[in-house]
Structure formats: C-alpha cells, structure tokens
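Residue numbers (my numbering), protein chains in the order written: chain A, 1 to 706; chain B, 1001 to 1706.
2 protein chains.
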Amino acid sequence: MSRRIDPWVLSEDRFRPELAPWRESLFTIGNGRLGTRGAFEEFRPGERRATFVNGLFVEPPGELPVLGAAPDWTDFSLTVDGEPFDLVAHPPAGYRRTLDLRTGELRRTVLWRGAETGTIRVEFRRILSMAEPHLAALDVHVTALTDPVEVNVQTGIKGGIPSPRVPAFRPLDASRIGNHTFGVDYESVDRRHRLQVRCHVRGLADPAYVDDLEHPRFRSTLVIDPGASVRVTKVVAYQAGADAGALLPTAGTDYAALADASRAAWERRWRTSDIRIDGDPYAELILRFAAFQLIAAASPDDPRAAIGARLMSGFGYRHHVFWDTDVFVVPYFTVTQPDLARTHLGYRYRGLPGARRKAARLGHRGAFYAWESADTGDEVTPEWTSPASGPPIRIWTGEQEEHITADVAWAADHYWRWTGDDEFLEAEGAEITLDGAVYWASRLEAEDDGLHLRKVIGPDEYHLHVDDNFYTNLLAAWHLRQATSVYRWLHERSPASAEALLARLGVTEAEVLGYADLADRVVLRRSADGVWEQHAGFFDLEPLDLEAFEPRTRAIYDLLGEERLQRTAVIKQPDVLMTMALLPDEADLAGSGTVNWSYYLPKTDHGSSLSLPIHALLAARLRDPEAAYEFFLRAAAIDLEDTMGNGVDGIHAACQGGLLQAALFGFAGLGLGCGGPTTDPRLPSHWSSMAFTCVYRGELHDIEIP
Amino acid sequence: MSRRIDPWVLSEDRFRPELAPWRESLFTIGNGRLGTRGAFEEFRPGERRATFVNGLFVEPPGELPVLGAAPDWTDFSLTVDGEPFDLVAHPPAGYRRTLDLRTGELRRTVLWRGAETGTIRVEFRRILSMAEPHLAALDVHVTALTDPVEVNVQTGIKGGIPSPRVPAFRPLDASRIGNHTFGVDYESVDRRHRLQVRCHVRGLADPAYVDDLEHPRFRSTLVIDPGASVRVTKVVAYQAGADAGALLPTAGTDYAALADASRAAWERRWRTSDIRIDGDPYAELILRFAAFQLIAAASPDDPRAAIGARLMSGFGYRHHVFWDTDVFVVPYFTVTQPDLARTHLGYRYRGLPGARRKAARLGHRGAFYAWESADTGDEVTPEWTSPASGPPIRIWTGEQEEHITADVAWAADHYWRWTGDDEFLEAEGAEITLDGAVYWASRLEAEDDGLHLRKVIGPDEYHLHVDDNFYTNLLAAWHLRQATSVYRWLHERSPASAEALLARLGVTEAEVLGYADLADRVVLRRSADGVWEQHAGFFDLEPLDLEAFEPRTRAIYDLLGEERLQRTAVIKQPDVLMTMALLPDEADLAGSGTVNWSYYLPKTDHGSSLSLPIHALLAARLRDPEAAYEFFLRAAAIDLEDTMGNGVDGIHAACQGGLLQAALFGFAGLGLGCGGPTTDPRLPSHWSSMAFTCVYRGELHDIEIP
C-alpha cells in the first residue's frame, strides 16, 4: 500500500507461505527459449517448480500434449549446522525478492537462522540469458552474520518434475565431465524429444559428485566465519534435439559477465517496449511487467515455439495456444517487437495442416484452426473437464468456438498492415487467410434471409450452441472479404503464386472472388436503437441484476450453473463489444458504440481475464479515460493481486497483452493512417504525459503525448 | 496496490484466513467506553473475539490485572438450508469489509453458498454508539439471490470469552424480559465488578429464547425467496457497576437512528481531528485511521478508564498503560481533543498513591510511576517472561525504566501550556509534578562529578542496568526544574494550596526551590563533536554493521540475544534523539541534532513500534521531509501491513499517536509561540497542501499550509 513504487521492479517484502504458489508464477523469468517459475531454489512443500523449454510439447501416455517441465536447474539446497535452510520450518528473519524488469534478474535475499544456528544472509540471483537463450545462471552468496556456520551445499539438476502430474522427461545418462561440470541426457516420455543438460558449478570447495541419475549433483561443505561469505555460481545449458553449438559459454562462466550480456539484450527489447507515464509509476510498473512477461515467453525465431495462454509461467491449459495469442498478444508485438509477432504467425502457418484435418473431420473444406493447439496444430481441447464437485462437464469449445479461424487471419492482416511484410503475406499469410475463408464458405448455411452460422460458441462462452453469434458472423464476413482482397493482392504481386495457392487449396479463382459477396449475406441482427444482438434470441433471455451479486469475486457461472446461464442475459466477456475493439468500422463503434456499451456492460460478468482489459481499451476509445483507468487497474490486479484466485496456474497472457493494448490503442489511441502511425490520446487526468515507441515498416517512431 | 484510495475508508476486498487474526485488530471499532475487535459475527476457528469495557480491569486468580473481555454482543450465527455460514469451510463468493472512519461504522458484505445451497448475500453493519457510549448496535441483512433458502438465526450474548486465557466474567443470571429482549447479569471473576447486559433483537419471526446462562440467545427460522431479503437488528447495552440511566435507548432501537446519532457525535470529533493533505490520499487515510483508533479508545470523562498500549483492540500487554500514552498519544490529544488528554491526566492523578507505594517499596520518597499500570497505579509489569524457546527472561523495566515519572510530568506540562487549564495544574498537575520531583531528589546519587542515576533502563531497552542514561537524566533534570517552577506558580496563584501541597508531600519549600539547582548538577556526557553519550560507556561498545543484516524483519534482539546486545552499540529505539523530540532546547536539537542523528540512526534497530514515527518527526524538524516521509510510511505499515508480525495483539497506540505527531509537530512544524499556535512547515514535495485544526486555550485554530 505504500505509495513509493519503483516502476521497474516487482518486489515482495515478506515470505507468506499461503501466497507462495501464485508468487511463483509472478516471479517467472524467461528469455523466449526458456522460462522458469519463481519457485525457491531450495525445496518448499507445495512448490510447483518448473523450467520450460519453448516448443518441447510432450504427450505423456493417456494425456493431452503439454509443454513439458524440463529437469530443474535452480536446484540449490543448504543445511546450516545440520539444519535444512527451509523458510517454512523456520520463517526468515528478513526477506526480500525483486524481479528487475529492466535486466531480467530475479534476486532473493533471506536472513535466516535455524533453531540452533547463528544468523546467515543468503542472496540468490538468477537469470535466463537473453543473449544466449540456452543458458541459465544462478549466483548464491552466503554470509555468516553472528556466528561461525558450517554450510552443506547440494546443487545439481533435479529430474522427475511433475508436468503437471507426471514427469515429461526421463534421464538416460549422467556423467561428470570435469571438476566442476557434469552432463545429463534426457528423453521425453513420448520419445519425441532429446534434451541435453550441462551443469557447471564454481565456488564449492572440493565438490563431491553425487551420481544419482534422477538428481545428479555436487556436494560440498563450507565453513564460514562471522562477517565472511562465500559465493557459488552455477551455469546450466539446455540443448534440445537438433540444436547445434557449444553447450556452455566459451567466454567463461562468470555470473556478472553473463548477466551483463543478458541485460544488454534486454535493453534492446526495452528500446521499443518501454512505456513512460509521468504521474503514475504504478501504471508504468503494470505495463513493464506485462511487456516483460510477454517478451520472456516469445521466441524470436522458432515457429515451433508457442505462446501459451499462461505464457511460460505455469501449467495452466498445458501451455496450449488460444486466440489469446492472436488477438491479445500479437497485435502488441506487431507494433513494438515485430519479430516476435512474426514467429507466432509462423507457428500458425505450421498449424495449417492440423487445422485442415480438423475441418475435414467435421465435414468441411478449408482450415478450421484448433481452439487449443500444441505443436502440430491439431485440436487438443479436452472434451471433458472434472469440476471439484459434481459430474464431469462436456467442453464444446473445441468444436464450436469457430471464431479462432478469423482471429488468426485478423492478426495476420494487422501484422501485415503495420510491418509491410509482403514476403510473409505471399509465403504464409495468404494461405492462412484463404484457407480459413474456404472453411467459412463451406460452413455457412444458406437460408432465405441470408447466411447463418448455427451451433457456435462466441467469445461469450456462457452461451453454448447458439446461432449467429455476432462476433463470429462479423469476423467471418470480414474474413471472407479479406480473402478476396488478399487474393487480388497476391495475384497482382505474383500470378504464379496465386495460381499455385489456388491449386494447393483446391479452390477456383471465381470462388475466392465471390467470397466478398458471400460476406454481404452473412446475417447480423440489430435492434431499432442500434444494439447488435449477440446471438439469435439473446434479446429474449431472462434478465438478471448482476449488481445484487456485488461484491463478487467468483464467476457468476459458479453461482448460477451452466444450465441456468443458457437462458440468462449474463455474458462472460465482451462479444459484441469485442468486435468493436477489433473491427471498429465494421461494428460501427463510432455510431453505436455507446448504446452497445450501455446495453452489454451491465450484463458482463468479467468471468474471463480477457474481459477487463478490452473494456479499458474501449472505454478510452469511447472517451471515458477515467472509467477506462478503473478497468485497467482491475485488469492488472488479476495477475498482480491474484484476484481471480488462479494465479498459481500462471500469468494470464491475454490480460497482459490486453493491458498493453489498452495503453497504446486505448489511452494513446495509436492507429495507422495513410502516412504511418497516428495517435488520438485520451489519457487519464493524472497522467501528465505518456511516451512510447512503435515500429512501423521497420522504422522506430518515438511518440510523446502530449 | 491499486492507486485509487478512499481516504476515509479502511477496506478489505478478500477474506484471507491467514490474515484474519491481525485484521480483527485493524477493524476494531470503539467509542471510548466500549471497544470491539473486528472478529466476525459468526464463529471463526482461531478467532480472538473481544469487546472491552474501558476501565474494567480484572485480576483473575494468579494473574496480573487485565482489561477483561466482556461477554460478546456481536454473536450472530446462521445456518443456510442446514449448513453453517462459515467462510473457512466454504470460502465466500464475494467479500468486502469497510471501516468508515468518518462514521465509525464497520460493514461486511459476503456473498456465500454452501455445498448444497443457493447463493445468499449477507451484509453486517455494526457501531458502538459515540452518542450513547453504553450502546452497541448490529444490523444484519440477508438476501437470497438464486434459490429459496431456509435460514436459521441464533443471536444473543456469548459468555466465556478468553481474556486472554481465562474468562474475566461469569454469568449470575439471565432472563427474558419481553418478546424481543433479555438481560444477563455478570460478575468479574475477581468479584470487583458487576456488569449488566441487555440484548434487544428485532426482525426475527417468532423468536424462541434459548435459556443458556453461558450463551442466552434468540433463535428463529426465516424462509427467504430469491430476490427477497430479511433484516435483523440487535441493540445491546452494557452497564457496569455504578452506572445509572436506562439500559436501552428510550428513543427506540432503530439501527439507522442510532447510527445517525453516532455519526453526528463522530462529526464533532472530526471537526478537530481531520487532517487534509492535497496530493496524498494514502497519508490522509493513515492519519484518519490513527485518529479514529485513538479517539475510539479514549474516555472523555472517566479517569478510571485507561488508554492501553494496544488501545481497545487486543490483549497485548493486558491493556496496561505505559509512557506510550503520555508521550505519544496525549500530546496529540492535547492539541486536538483536550478533554481526552485531560482524562488521561486524571488517570495519572488517580495513580499517584500507587506510584508512591512503588517509590517507598524501593526505598525512596515521592512518586515513582509504574512502568505498566492498570487501575490502581501500582506497578503491574511482569517480572518474568517466557519466550517460545529457552529459559524464562527476567524483565527489569518495572524497577529500572524510571523515566516514566518524568514523562508523566512532561505530558502534564505540555497539556497545561496548550490548554491554559490552571485548575488542572492547581488541583492535580502540581502534585503529579512535585511528587515526581521528590522522587528524583531522593533517587539521585551524588558523586564529586555531579548527580547520577545508576542502574536504569532508558528508552533503549536493549541495554539494561546502565548508568546515567541520557534521556532519563535529561528528563529528570527538566522535571526538577519544572517542579520548582510549578511550585512558584502555585504559590503565586494560591499560597494556601501551595502550603497544603507541601504538607501533603512532606517536603519543605526550601527543598522544592532547591530542585532547580539539583537539576544543574545531573551528569550529561557529550563527545567533542557534540554527540550525547546515551549512557556511561556507550561510546566504547562493540560496533555492529546493521546494514549487513538487511533486509531484516525481525528485531536484532532475536538474532543477537540479550547478553551480546549489552556490549553492542545497537539500540532498540531513539533515546538521545527522543530527548530532542521532547525537549529540543534542552537537548540542543538546533545545534547538535544532525550530528546526533548521524551517529545514532545507523545504530537504531527500530525494534519498537515507537521508533519510526519519532524518526519521521525528527527528520522533518531536521529539514529532510522526504526522509521523514519514508519513516512515516514505514511507521504506518506496522499496523496497516502488520510488518512487525504482532498485529493480532492490537493496534500500536504509540505508533498511531506518533504518526499524528509527526504530521502536526513534524511536517507542519506546529508549535506554541507567545501568541498561540505557530507552524514551521516542511512538507514532502508531493503534498501540495495540508490543513488541520488545533485547539489552543479552548479555541479552534484552522490552519492551512501553505
């Protein structure tokens, strides 16, 4: 509650065991290739220790694919005069943890004494190198403060990490390579991946090697006099499958040198990701945390890597990829870190075969993207979920939440317009766009009154099997027009490419050119006063006074149940309003934004972490920046205060991306005019100025408001 | 962490079981006569439910006196469709608790469902009437939100409250008085107090009376349809011993009417206690919380009532009174709520016989105030304490922390100078002052080099049995001079009173007139560069680098132990600097404040809650308001964030008083000139203005800075 905020540092001043699981997510570090949750180095009961290697999806027997937790490099245990260094058994006498967003370094300082020991000070520092993304480094500094202590250290590579239930990797072989180094080879439990790990430890006196295949490690005893200290440095390299190159850094394994190089690499990212706000250090911290965690989870160059719905910070959704990435994360990357956006679009391109398999399985042509995808692009949404009590619940989103296909095309178009990356559009974007449109053309059902999409789920997932969801229909119509337009562009640029694409997709030019006409016939319903009907029959649903349910922290879904929700006019998250955020012209934001806002907002549960940031963005566009700022704070609290109570599963990617979009596209009103970036600011009154950088067609634009 | 702060409302948005014990202290309400911890109405495992009646000290067999917890009026349990309303068994679906500092109303709204029940909304509101201080009122509003529910209510007066270990009262008799009312009579376990309680409940359909002497109560079952609600109002009166007057309000027992009258009474207190700070709503909240809790714990008219070190918010120190009240709380009351200051001085006057007994027992003349006192003024400091591990520890403060006597005289003088209350000085203040001086004159040991006080404990309680503690010696010297001066004043005002006082104290006029000369001979030691030596030998103690112990949350006492601390130059709290806060001229703040600050601050552990606010005050006076503001925030965090970890025992009276003094005497530089109040502002840079009211000689002075 203190009003002094360091806008670059996420910090924690006390160890509270009950908050520790969520804080492990919050203090995640990453470099796009590796991600490590903020679990303590030493064991903590209930910990969810995890390091992820981006892209290494593993399919344990009988389970859906999951980004497998790799064997753990942070492992570092101490005993002090025979007593385990354990913050639960003996609460610390001092504790401070900081995540320096500028440098990417996580630091934890603990003052501790056991029942019968003197007081020691232990400082842990760790990075995942942004300069050499296969490298992890840990620095541990132990000082005796009051009495001489004998410290026994064990540190190595810990296998058998639950991922989230069973381990994803099994060890094949471990061996000591030198005085300070050992190596371990692993295989994923589905045998699809090999993973080599090298571990190098300096600072231990005469280390013994413990030849335990599940936990190879060094062991050493240090005697420290009062006032004296020892420093142990550990550098670990992860090498998966086809990776080449030396495992440990040739330039040595000095922690400070590795940290310096990593910081320099982060500085390059911050050049375009920093947002400065005079008058609101907390908002700066919110936005820097968001940018940090998004960048930390995004590979700059590997399209096999994926940005999961909980980033690389937890096991939520098994790291599966949703529209969260396309619509909430990628538009932010597009304008600040376009290489990271491009990698995701490459991931989507790689997923096309899976999307085609899904469409075919459901009896349609074209490509129907997976609602949840792992590495192949095939649908991996679970069909059933088991709540804490009651019978299993059927999940329909895999079959019915069709808008994902248009979301991908929308992200590709947004990327292309900002970057001018014609090569992408020709090589990958056009195919993504056209094959999705082929799906829509095959899927739409013709009636006398127009084209329908029946039995779908829109962004409002509280209403299942609905007809003509407004978001889905409008996005599908946009997608069809976009396909015609992209085809014309491609044909103009390279007739041969266009022809080859048509052949590959099995459609004729006439079909594709006709998509724009199809689009005009897609049914969209609107009341006399301009309210779009979210789906057929929505206007007739039973009203519910959501205000009477205040103060509410649980989703209304939990209180009413799925069945009653079907007939109740309460929505999980913006749906009609969501179209206004993505397609303001098509959804008539300028004309009917306010009337739709007034109609839908009181019916909105914010039962998804995607809801609040979009409301922040739209409130700013609708010229109410103070209301927007309230939504912005509430959205930030989802991860920074765990207000949804599921923080242990990881940081909410879409919410973080949404916060950044609310800042740029909402408060600053960043847009694209004929001559490049434009702004139309609506800052909260206490923001005296705002400054940021965007990237347009490869060039940096430094923008200052006012 | 949200930056939106309501500067009048302390709030809590989630129920966190692990924080609940401390939050019970934080959400205490009071009216000077009654104080009730913020325990839930329904039972919570681990609760420390307590209502205190100010002044009712009880001495359970074999224990030290304690302010006894009275039988509980907040008792209100529900079952919903047979399931107990229990936030631990079934975490709430929504929760918000607010303490409105302006009105004194505590409100808790809970959204809840059991395993098999519909969702209900329960709103609890409670006040302790500031208008009629023997009255407590509770209003409970239950709404069914989703399904019909059958609610069983039981509400009454719960006896057997541990206080803190055994109950302080036993029931004698309980009987139903009418359809909606019952009465219970209690006796304290030491048979010194009688307590009558009347309980009146409206809103229950056909209530049954449960004739249980330990827990007499009404019981009723209510059926509530979805969307409908019921309201139950409970009014309870506490009448102790000699109190007269009707027990229940004659004007009816309407909650809203009682709350309105109470709010109006609070408004009168806020007229002189509100501090407004443009640019810092959090600082406003800090200061309003402080003023609220101090006023809530202070009787305006009953000198048997006492302001304990943890106010009426917990069992810490068994509600005993320390110098915390005289030096940290009363100077604030003196300038804003002089009647509350006066009551405490009346309490001290009542304590004189006990102080005389203590001096006599130790072989001295005059009055030596108890380090800890309850109702009689006799010393009630425990002689031993039992730590969690290790052998019992002898507590020496009762014998050795002698400065308390001068602190009381200092508070009386400060009060008199601001209020001009000559009647007080003549009737009580002069006797307090003179009899304390008689003690000092009897206690001082003469050597060739001057007068000494050997084997004392100063404010820095880390060093025991020290000689010539600077704070004690300087305050004693001031006290001796003050006695001579007060005697001269009294003699001039009323020679008969002066003569009678001398006779009562058994001293001659010559002795008293000679005290000023004694004062000049009290030993005070100082280094060549102006550093006062805290006690004989302090300059030779072993140095310790406290910085190396950062980040530290536990007191250095816990890490080094008492024995080593004796020879180490680390102090618990300001001692030399404390004299500068109280007697800036005598301690040469203007000349040597900075050099003493630089010398002592790095040696200060802040192991007491008294330490940080005094540093805030002094830093402001030494013209570093930004540093002062950091101390101010850290001091506020002791209670608002439980940074010392002992919040369950109650709010720290001295810290709250110190925060208010830091604001008024520090940041605003409030002082007393020849013509009345003066200011010498040193505001933190982000405070664009500050406004408050002080009372000087019965007149209100509205002060605005700048």
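Yeah, the Cβ is synthetic: ideal placement off N, Cα and C, and Gly gets one too.
- Among the residues facing chain A, D1639/B is not included, as its CB has no counterpart in that chain under 8 Å away.
- Taking 9 Å as the Cβ-Cβ cut-off, the segment 85-116 of chain A approaches chain B at P91, P92, A93, G94, Y95, R96, T109, V110, L111, R113 and A115, given in chain order.
- Taking all protein chains shown into account, N1179/B has fewer than 16 neighbouring C-beta atoms within 10 Å of its C-beta and is therefore exposed.
- Closest in alpha carbon position to L1577/B, among S1688/B, G1669/B and V1595/B, is V1595/B.
- Following the DSSP letters along the chain, one finds H1141/B inside the beta strand (DSSP E) bounded by residues L1135 to A1144.
- Here the alpha carbons of G645/A and A555/A stand approximately 11 Å from one another.
- Counting only residues of its own chain and dropping the five nearest sequence neighbours on each side, D1206/B has a CB closer than 8 Å to the CB of S1220.
- Annotation note: the segment 569-607 of chain A contains the following uninterrupted alpha helix (DSSP H) runs of length 4 or greater, listed N- to C-terminal: 576-582 and 589-600.
- When C-alpha distances from C199/A are compared across Y347/A, T155/A, T693/A and D190/A, the shortest belongs to T155/A.
- Q1337/B and H1414/B have their alpha carbons spaced roughly 14 Å apart.
- In the three-state DSSP reduction, D1100/B falls in the strand class (E or B).
- Beta-bridge pairing by DSSP links E1123/B to T1109/B and H1141/B.
- Spanning the alpha carbons of G650/A and F315/A requires a straight line of approximately 7 Å.
- Its Cα nearest to that of E1132/B, the residue S1299/B stands out among G1082/B, P1071/B, Y1471/B and S1299/B.
- In terms of Cβ geometry, L340/A and W410/A do not form a close pair [threshold 8 Å].
- DSSP, reduced to helix, strand and coil, places I286/A within a helical segment of the structure shown.
- Taking the CA atoms as reference points, A1519/B sits about 57 Å from D278/A.
- Membership of C1655/B in the alpha helix (DSSP H) is indicated by the continuous run A1653 to Q1661.
- For V329/A, the secondary structure class from DSSP, reduced to helix, strand or coil, is helix.
- L1425/B sits in a helix when the DSSP states are folded into three classes.
- Judged by DSSP secondary structure, S1273/B falls within the alpha helix (DSSP H) whose first and last residues are Y1255 to S1273.
- For V1066/B, the enclosing beta strand (DSSP E) begins and ends at V1066 to A1070.
- Listed as beta-bridge partners of S220/A by DSSP are V153/A.
- Within chain B, the C-beta atoms nearer than 7 Å to that of T119/A come from L1559, in chain order.
- Identification of chain A residues near E1383/B by a Cβ-Cβ cut-off of 8 Å yields none; the smallest Cβ-Cβ distance measures about 27 Å.
- The segment 272-291 of chain A and the segment 315-324 of chain A do not touch, with fewer than three beta-carbon pairs separated by less than 8 Å.
- For K1358/B, there is no enclosing beta strand (DSSP E); the enclosing alpha helix (DSSP H) covers residues L1352 to R1361.
- Remark: three or more beta-carbon pairs, one from each stretch, lie closer than 8 Å, so the segment 1214-1230 of chain B and the segment 1134-1154 of chain B are flagged as touching.
- Listed by position along chain A, the residues whose Cβ is nearer than 8 Å to that of P1551/B are D13, G94, Y95, R96, T109 and L111.
- Taking each of G1537/B, T1146/B, Y1369/B and C1694/B in turn and checking the Cα distance to K1358/B, the smallest one comes out for Y1369/B.
- Straight-line measurement puts the Cα of F1333/B at about 51 Å from the Cα of L610/A.
- For V321/A, there is no enclosing alpha helix (DSSP H), as DSSP gives it neither H nor E.
- When the beta-carbon positions are compared, T604/A and Q573/A come within less than 8 Å of each other.
- Between the alpha carbons of E1447/B and W1440/B lies a gap of roughly 15 Å.
- Close partners of A1662/B in chain A (Cβ separation under 9 Å) are lacking, with about 16 Å as the shortest Cβ gap.
- Rounded to whole angstroms, the separation of the alpha carbons of T109/A and G346/A is 41 Å.
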